[in-house]
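Single-structure report; data block below.
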Amino acid sequence: KLAATPLGDNSVLAAPEYCNSNFTSYFTSTFWSNTYFSWTFANRKACYFNTGVMVIDLDRWREGDYTTKIEEWMEVQNRMRIYELGSLPPFLLVFAGNIVPVDHRWNQHGLGGDNFIGLCRDLHHGPVSLLHWSGKGKPWARLDANRPCPLDALWEPYDLLQPKTPFALDS
């Protein structure tokens, strides 16, 4: 179903997006103090998206040479550290405000809790197709520390390092 998301006539990608973001936390003061860099977001919605849940029109991607555009920002990062985090900022620099939004059920994000005070979060209302422990609170770390959030139980069966109770047949 996600792969069938219509991209329209001009869009390159679709993803669950979250608007009214504060991009200042994604980028360094070096980025914001450089007029050329900071103008990258002029007249664009401040929306971030999960780079792990995207629908991409590969023909448009190749035609627009988007790999090169992202790599160019990564090269700038190597020279002068303009952003924090990992793969998201260069994608924001290229695509923020220019993606087709998909239903949020495709990315139940925020399960990693609040990065500042470690609060547990609940699932949002309605159907959920993908669980994303974004943030610092990863379920494996909380389970290992014996301080799990209730939703970490959804991940626990997939923990290959947890000792499992041996299967036994009742007689």
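1236 is the number of the first residue of the sequence shown in this note's numbering; add one for each residue after it.
We put the CB at the ideal spot given by N, CA and C, even for glycine.
Three-state secondary structure (DSSP) at residue i?
| i | result |
| --- | --- |
| residue 1319 | coil |
| residue 1261 | coil |
| residue 1251 | coil |
| residue 1291 | strand |
| residue 1312 | helix |
| residue 1328 | helix |
| residue 1336 | strand |
| residue 1403 | In this prediction, residue 1403 has a pLDDT of 46, which is less than 50 and means its spatial position is unreliable; nothing more can be read from the coordinates. |
Work out the CA separation of residue j and residue i for me, nearest whole Å.
| i | j | result |
| --- | --- | --- |
| residue 1296 | residue 1245 | 11 Å |
| residue 1338 | residue 1251 | 6 Å |
| residue 1239 | residue 1341 | 13 Å |
| residue 1280 | residue 1249 | 15 Å |
| residue 1370 | residue 1345 | 6 Å |
| residue 1389 | residue 1287 | 19 Å |
| residue 1383 | residue 1365 | 20 Å |
| residue 1253 | residue 1360 | 16 Å |
| residue 1236 | residue 1285 | 17 Å |
| residue 1387 | residue 1356 | 10 Å |
| residue 1396 | residue 1372 | 18 Å |
| residue 1302 | residue 1385 | 39 Å |
| residue 1256 | residue 1333 | 15 Å |
State the CB to CB distance for the pair residue i and residue j, rounded to an integer number of angstroms; the pair is presumed to be in contact (CB under 8 Å).
| i | j | result |
| --- | --- | --- |
| residue 1242 | residue 1292 | 5 Å |
| residue 1266 | residue 1318 | 6 Å |
| residue 1247 | residue 1299 | 6 Å |
| residue 1325 | residue 1309 | 5 Å |
| residue 1394 | residue 1375 | 6 Å |
| residue 1327 | residue 1283 | 6 Å |
For residue i, report the span of its alpha helix (DSSP H) as first-last.
| i | result |
| --- | --- |
| residue 1271 | 1270 to 1273 |
| residue 1377 | 1374 to 1379 |
| residue 1365 | Where residue 1365 is concerned, there is no enclosing alpha helix (DSSP H), given that its DSSP letter is neither H nor E. |
| residue 1388 | 1387 to 1390 |
Strictly under 9 Å for the Cβ-Cβ distance: is residue i near chain D by that measure?
| i | result |
| --- | --- |
| residue 1247 | The displayed structure is made up of one protein chain only, and chain D is not part of it. |
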